[in-house]
Amino acid sequence: MDKITEDMTIQEIFLKYPEHKDNLAEVLMNSGLGCVGCAASSFETLKEGLMAHGMSEEDLSKIINDLNSVIQKS
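Going by this note's numbering, the first residue of the sequence shown is number -15, and it counts up by one from there.
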């Protein structure tokens, strides 16, 4: 089964799962991240982006779990 991982770029996530883009964006926005429109989304990994915004490893894990919950709901 496909999974979103910390080493994927934000852009890669949205390109890979276009059918879930609105819900994925909602998870990121609700986490305080404006990654969807950020210029760095094409080259910055999910982990790099979260760490740049002062998020912890625990925050990263929760957000990845939330993102994966979205893509598993088909």
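For each residue, glycine too, the CB sits at the ideal point set by N, CA and C.
Contact check, residue i vs residue j, beta carbons under 8 angstroms
{"i": "glutamine -5", "j": "serine 15", "result": "no"}
{"i": "threonine -7", "j": "glutamate 28", "result": "yes"}
{"i": "valine 11", "j": "leucine 44", "result": "no"}
{"i": "isoleucine 47", "j": "aspartate -14", "result": "no"}
{"i": "leucine 17", "j": "histidine 37", "result": "yes"}
Same chain, Cβ closer than 7 angstroms to residue i, neighbours up to 5 away in sequence not counted
{"i": "glutamate 3", "result": "none"}
Same chain, Cβ closer than 6 angstroms to residue i, five either side skipped, listed in chain order
{"i": "lysine 5", "result": "Phe(-2)"}
{"i": "tyrosine 1", "result": "Ile55"}
8 angstroms Cβ shell around residue i - same chain, five flanking residues per side excluded
{"i": "aspartate -9", "result": "Thr29, Leu30 and Lys31"}
Residue i: CB within 7 angstroms of a non-hydrogen atom of the ligand NAP
{"i": "aspartate -9", "result": "Although the ligand NAP was asked about, the structure shown includes no ligands whatsoever."}
Checklist entry - Which ranges would you report for the beta strand (DSSP E) in the segment 0 to 56 if only whole runs of at least 3 residues count? => result none
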